[in-house]
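See below for the structure under consideration.
Number of protein chains: 2
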Amino acid sequence: MKRRTTSSKTEILEVLKSSGNAMSHEMIQTELHRKVDRATIYRVLNQFCEDGKVHKIVGDDGKQYFAFCMNCGEKKHVHSHKHLHFRCLECGKVECLESELSLPLPSGYIGKVHNLLVSGYCRECGSEEGNNFS
Amino acid sequence: MKRRTTSSKTEILEVLKSSGNAMSHEMIQTELHRKVDRATIYRVLNQFCEDGKVHKIVGDDGKQYFAFCMNCGEKKHVHSHKHLHFRCLECGKVECLESELSLPLPSGYIGKVHNLLVSGYCRECGSEEGNNFS
DNA sequence: TGTAATATTGCAACCTTGTCGCAATAAAAG
DNA sequence: CTTTTATTGCGACAAGGTTGCAATATTACA
Numbered sequence: 124m125k126r127r128t129t130s131s132k133t134e135i136l137e138v139l140k141s142s143g144n145a146m147s148h149e150m151i152q153t154e155l156h157r158k159v160d161r162a163t164i165y166r167v168l169n170q171f172c173e174d175g176k177v178h179k180i181v182g183d184d185g186k187q188y189f190a191f192c193m194n195c196g197e198k199k200h201v202h203s204h205k206h207l208h209f210r211c212l213e214c215g216k217v218e219c220l221e222s223e224l225s226l227p228l229p230s231g232y233i234g235k236v237h238n239l240l241v242s243g244y245c246r247e248c249g250s251e252e253g254n255n256f257s
Numbered sequence: 124m125k126r127r128t129t130s131s132k133t134e135i136l137e138v139l140k141s142s143g144n145a146m147s148h149e150m151i152q153t154e155l156h157r158k159v160d161r162a163t164i165y166r167v168l169n170q171f172c173e174d175g176k177v178h179k180i181v182g183d184d185g186k187q188y189f190a191f192c193m194n195c196g197e198k199k200h201v202h203s204h205k206h207l208h209f210r211c212l213e214c215g216k217v218e219c220l221e222s223e224l225s226l227p228l229p230s231g232y233i234g235k236v237h238n239l240l241v242s243g244y245c246r247e248c249g250s251e252e253g254n255n256f257s
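As you go down the protein sequences, you meet chains A and B in turn. Each residue of the first sequence is one higher than the one before, starting from 124 at the first, in this note's numbering. Each residue of the second sequence is one higher than the one before, starting from 124 at the first, in this note's numbering.
What follows is the structure, encoded as structure tokens:
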């Protein structure tokens, strides 16, 4: 299966890049100028994942989020997205945090995929008037 | 809403306790002797979560898993399940790991819920003949 | 440039997970 | 034993994601 360059792919990647955050299929759809089918968006995103252009994180809301990931997208250590993610319960933003964590597994265990997410309130949403989360 | 003790509740909690792992609704259902409705299982599990008897972790498969959590279930620091989880891609087991991690958030960020999961191959599945994961 | 091969798209259909409303049932209090 | 009301089972539903298929668009190659 040789890949072909299409406008869907370039536009979706562009949206992810310029956003800088991890985005759900829905977020991407609303950012696209053209109307692109749901199935197509997923197919494109899964291709990007395979190719290591993008990585996926599953939220505690059960949804899939995809990120171009400024921190590690350029580097070549594809498929080792061992960093923490943060999802804001207020504004919905999902971002990659820089922190490279060490995750001690029991001996004999082999870790393949990392899904590390904290949800809560980001700086903007946590400091808003009226909000009093702790 | 005062809670009532029912056989569904006691049996489901018993299954979770004796398993020791985090279980999906489906895993629980197959362990129950009696037939209990899917909706009931979810309602019971969500009650347990509210009461701090059990905690929930969302897998990178998008499914919800519930654990009695031997490590912290007895202690009183309810709702602070900041530990790592491991899901085996081969046998499906989901377990709570002991490790208490420190998760550095950017300043101003407020973490509420932790969903920390590594998936891969557990000791038994990783060492089986024929398997050559790396 | 024109044509064939095939990757991609849109659409509809489908599956799974999880939730909800409602009537029937069962636990608890008196 | 009766009343109150939490719980259950059933069916229906919504959302997220995947798949099959025919139509379309890219690419390679003559």
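Ideal Cβ placement from N, Cα and C applies to all residues, glycine included.
Contacts with chain B (Cβ-Cβ distance below 8 Å) from the segment 238-252 of chain A involve 238, 239, 240, 241, 242, 243, 244, 245, 246, 249, 250, listed in chain order.
By the C-beta density criterion, residue 183 of chain A is buried, having at least 16 other C-beta atoms within 10 angstroms. The C-beta of residue 247 of chain B has fewer than 16 other C-beta atoms within 10 Å across all chains shown, which makes the residue exposed. Annotation: residue 142 of chain A has no Cβ neighbours in chain B at a cutoff of 7 Å; minimum Cβ distance is about 18 Å.
The Cβ-Cβ distance between residue 234 of chain B and residue 243 of chain A falls below 7 Å. Straight-line measurement puts the Cα of residue 186 of chain A at about 7 Å from the Cα of residue 147 of chain A. Closest by C-alpha distance to residue 172 of chain B, out of B:132, B:142, B:227, is B:132. Look at the beta carbons and you see the segment 147-159 of chain B touching the segment 124-138 of chain B: at least three pairs across the two are nearer than 8 Å. Close to chain A, meaning a Cβ-Cβ distance shorter than 8 Å, are the following residues of the segment 205-226 of chain B: 207, 209, 212, 220, 222, 224, 226.
Taking a cut-off of 8 Å for Cβ pairs, the segment 161-180 of chain A and the segment 221-235 of chain A do not touch, as fewer than three such pairs fall below it. When the alpha-carbon of residue 208 of chain A is set against those of B:229, B:214, B:137, the nearest one is in B:229. Around the beta carbon of residue 223 of chain B, fewer than 16 other beta carbons sit within 10 angstroms, so the residue counts as exposed.
Within the DSSP secondary-structure output, residue 187 of chain A pairs in a beta bridge with A:181. Interface residue (Cβ-Cβ distance to chain B less than 7 Å): residue 177 of chain A is not classified as such. Apart from sequence neighbours up to five positions away, the residues of its chain that approach residue 212 of chain B with a beta-carbon distance below 7 Å are 242, 243, 244, ordered along the chain. Residue environment: residue 214 of chain B is assigned as exposed (fewer than 16 neighbouring CB atoms within 10 Å of its CB, all protein chains considered).
Annotation: Cβ neighbours of residue 228 of chain B in chain A (cutoff 9 Å, chain order): 207, 209, 220, 222, 241, 243. DSSP, read as helix, strand or coil, puts residue 146 of chain B in strand.
With respect to chain A, the C-beta atom of residue 158 of chain B has no partner C-beta closer than 7 Å. Distances from the CA of residue 141 of chain B to each of B:218, B:226, B:238, B:227 were compared; the closest alpha carbon is that of B:218.
Counting the other CB atoms within 10 Å of its CB gives residue 124 of chain B a total below 16, which places it among the exposed residues. Per DSSP, residue 173 of chain B is one residue of the alpha helix (DSSP H) stretching across 161-173. Here DSSP, grouped into helix, strand and coil, assigns residue 130 of chain A to helix.
If you check the CB distance, residue 139 of chain A and residue 238 of chain B do not come in under 7 Å.
For residue 246 of chain B, the uninterrupted alpha helix (DSSP H) run begins and ends at 246-249, by DSSP. With fewer than 16 other Cβ atoms inside 10 Å of its own Cβ, residue 193 of chain A counts as exposed. Closest in alpha carbon position to residue 136 of chain B, among B:160, B:162, B:170, is B:170. For residue 183 of chain B, the C-beta contacts it makes with chain A under 7 Å involve 181, 236, 238, in order along the chain. The straight-line gap separating the alpha-carbon atoms of residue 206 of chain B and residue 127 of chain A is approximately 43 Å.
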